[in-house]
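**Q**
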Amino acid sequence: MISLTRLSGTTFLLNADLIERVDCTPDTVVTLVDGTKYLVSEPLDDVLAAVVDYRAAIVARAGLPDAGTLPPVSPRPTARLAAVPPRGVTP
1 MISLTRLSGT TFLLNADLIE RVDCTPDTVV TLVDGTKYLV SEPLDDVLAA
51 VVDYRAAIVA RAGLPDAGTL PPVSPRPTAR LAAVPPRGVT P
């Protein structure tokens with residue numbers, strides 16, 4: 001998510017993956033894929049930089065060894081039947 005500022009001065013976080021386009025008319029208008037529009041005080045270049053930094057952070061974090069990914073799944077061993085020794089007898 002990226003941090004943006006409304007013209008009223010309040011700050012909010014926006015999911016950068018939902019941005020369809022950013023227009024400068026001369027105010028900066030961020031349009032989401034669902035048609036929602038946000039008028040923000042940051043210039044277009046700052047919004048672009050925030051999105052690029054956000055995505056770069058995701059790529060960098062994904063490359064870390066402890067990135068929260070699950071370990072690779074090993075194939076299940078094939079079932080093998082074996083004789084079970086009687087109780088109290090060690091093989």
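Going by this note's numbering, the sequence shown opens with residue 1, and the numbers climb by one from there.
Glycine residues also receive a C-beta, built at the ideal position from the N, C-alpha and C atoms.
Keep in mind the model is a prediction, meaning the values are calculated, not measured.
(1) Give the DSSP-derived three-state secondary structure of R87 in the structure shown.
(2) Does V52 pass the burial test, meaning 16 or more other C-beta atoms within 10 Å, or should it be called exposed?
(3) From this set, V33, A50, Y38, which residue's C-alpha is nearest D27's C-alpha?
(4) Following the continuous alpha helix (DSSP H) through R61, name the residue where it begins and the one where it ends.
(5) Determine the burial state of V33: buried for a count of at least 16 other Cβ atoms within 10 Å of its Cβ, exposed for fewer.
(6) Below 8 Å on the Cβ atoms is my guess for V59 versus V47; work out the distance and round it to an integer in Å.
(7) Sort out for me which residues DSSP pairs D23 with in a bridge.
(8) In terms of residue numbering, what span does the beta strand (DSSP E) encompassing S8 cover?
**A** Well, looking at it:
(1) coil
(2) exposed
(3) Y38
(4) 44-62
(5) Per the 10 Å Cβ criterion, exposed.
(6) Incorrect: roughly 19 Å between the Cβ atoms, too far for contact.
(7) V29
(8) Note, S8: premise wrong, no beta strand (DSSP E); not H, not E.
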